[in-house]
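Taking numbering that gives the first Met the number 0, the leading residue of the sequence shown gets 0, the next gets one more, and so forth. Don't be surprised by glycine CBs; every beta carbon is placed ideally from N, CA and C. Since the structure is predicted, the reported quantities are computational estimates derived from the model, not experimental observations.
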Amino acid sequence: MRGKSVSGKAIFVLCFACFLAGSLFTSRTWTQPSSTREAHFPIIPNHVNRREAVTQNCEHKRKLVEGKSGDDLIMGEVTKTHQAIKSLSRTISTLEMELASRTTQRGGQFSLERASNHSLQKAFVVIGINTAFSSKKRRDSVRETWMPTGDNLKKLEKEKGIVIRFVIGHSATKGGLLDKAIDAEDEEHKDFLRLNHVEGYHRLSTKTRLYFSTAVSMWDAQFYVKVDDDVHLNLGTLVSTLVKYRTKPRVYIGCMKSGPVLSHKGVKYHEPEYWKFGEEGNKYFRHATGQIYAISKDLADYISINSPILHRYANEDVSLGSWLIGLEVEHVDERSMCCGTLPG
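1. With a CB to CB cut of under 6 Å and the five nearest residues on each side skipped, what residues in its chain are close to His169?
2. Could you spell out the range, first to last residue, of the beta strand (DSSP E) harbouring Asp332?
3. In the DSSP assignment, find the unbroken beta strand (DSSP E) run with Gly320 in it and report its ends.
4. How far does the alpha helix (DSSP H) with Lys121 in it extend, from its first residue to its last?
5. Rounding to the nearest angstrom, what Cα-Cα distance links Ala293 and Gly75 in this structure?
6. Within the same chain, show all residues whose beta-carbon is closer than 6 Å to that of His360, passing over the 5 residues directly before and after it, in chain order.
7. Between which two residues does the alpha helix (DSSP H) carrying Lys179 extend?
8. Locate the alpha helix (DSSP H) running through Phe211, then write down its first and last residues.
9. Should Thr80 go down as buried or exposed, given a rule of 16 or more other Cβ atoms within 10 Å for buried?
10. Taking the DSSP output, what are the residues bridged to Phe222?
11. Between the segment 214-233 and the segment 297-310, do at least 3 Cβ pairs fall closer than 8 Å?
12. Count the CB pairs spanning the segment 229-246 and the segment 257-276 that are closer than 8 Å, and state whether there are at least three.
13. Whole angstroms is fine: what's the gap from Phe132's alpha carbon to Phe284's?
14. Answer yes or no: do Leu119 and Met217 have a C-beta to C-beta separation smaller than 8 Å?
15. Closer than 8 Å by C-beta to Thr148: which residues in its own chain qualify, once you throw out the five before and the five after it? Chain order, please.
16. If you reduce the DSSP assignment to three classes, tell me which class Met336 lands in.
17. Using the C-alpha atoms, what's the distance from Val317 back to Leu192?
18. Quick one: Cα of Pro259 to Cα of Lys282, how far?
19. According to DSSP, simplified to helix, strand and coil, what is Tyr251?
20. Per DSSP, what kind of secondary structure is Thr236 in: helix, strand or coil?
21. On a Cα-Cα basis, can you pick out the residue from Phe165, Ser212, Met255 and Ile161 that is closest to Arg334?
22. Can you list, in chain order, the residues of its chain with a C-beta nearer than 8 Å to that of Glu315? Leave out the 5 residues immediately preceding and following it.
23. If we call anything under 8 Å between Cβ atoms a contact, is Gly253 one with Ala287?
24. With distances taken between CB atoms, is the gap from Val226 to Ile128 smaller than 8 Å?
25. What is the DSSP secondary structure of Asn195, reduced to helix, strand or coil?
26. Using the C-alpha atoms, what's the distance from Ile163 back to Pro130?
27. Determine the extent of the alpha helix (DSSP H) in which Gly149 is found, giving its start and end residues.
28. Just tell me which of Gly235, Ile304 and Ala313 has its CA closest to the CA of Val266.
Below is the structure:
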């Protein structure tokens, strides 16, 4: 038995059987990486995979956005913009009103700057009589009837706090004959308030605005009145009317009306901006007739402060009404100020 040798076939079969047995137990022969280079540098493929994942995520979000309709996106942006504008508008409006209120309570920055040169004269009412270069006869008639002259005018100011002045600007050629005639008349009567304004019928809105701005810079009054030079005023009745409203902060007193907006050219009181008031045949908002009206100090201060941005319509009484229409103002329809009312 010991002397018998093992054949080569038997050895080969035994080796092959051992190889198969080892393969079944380990299971590592076909699962290991074929290249050692991949095992040594795992970071590179991992980084690439991460970039691909981010790119796919962005592409997914972009497709979701593109999936929305164009109208939805546009309306969303419009809504955001509209909300931002409304918020900004409210902020600006609030700041403007706070500025106007604080300025009024402290005497007005505009007024304080003027008051640094000369203290403002206290008054109950400032009455500005709107006049023109060609209206000397009207001015003389006013002086002969209801307006005091000379020392009596000064006494009225000092004792009653009633200031009365003819209000006029200058001619297109400043310093010309028309201006010199007013200079001479003012030298005699000393009853003019001169404005830095070119006179003209179509500039009455600007003149009215400038009158209030100038008046509040010179007199600290409770009321400011504008009256035309062809109106014969009962001074006592006017003062009695104003006294009734002296405790009101913002009052607008006059003969209130709401006339038609005249859109046809060539007619008197034509309104070039008629389209702003709606359809043809519409009426103006309620406002005082231009012959005479009064506003309280707060409103005169408001006009003075906001003068550069107040819009001017063709008719000055409409312009004044438009400046006050959006404010907390008490409109007083005073029938004694209506045209044709008998004095007394």
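With the structure as the only source:
1. Asp178
2. Glu329 to Asp332
3. Premise fails: Gly320 lies in the alpha helix (DSSP H), Glu315 to Leu323, not in any beta strand (DSSP E).
4. Not the alpha helix (DSSP H): Lys121 falls in the beta strand (DSSP E), residues Gln120 to Asn129.
5. 49 Å
6. The question about residue 360 has no answer here: the residues shown for the chain are numbered 0 through 343.
7. Leu176 to His188
8. Leu203 to Met217
9. exposed
10. Val124 and Ser295
11. yes
12. no
13. 32 Å
14. yes
15. Arg142, His188 and Asp190
16. helix
17. 23 Å
18. 4 Å
19. strand
20. helix
21. Met255
22. Leu203, Ser204, Lys206, Thr207 and Gly289
23. yes
24. yes
25. strand
26. In the sequence as presented, Pro is not what sits at residue 130; that position holds Thr. Looking at the two C-alpha atoms, the distance is approximately 13 Å.
27. Gly149 to Lys159
28. Ala313
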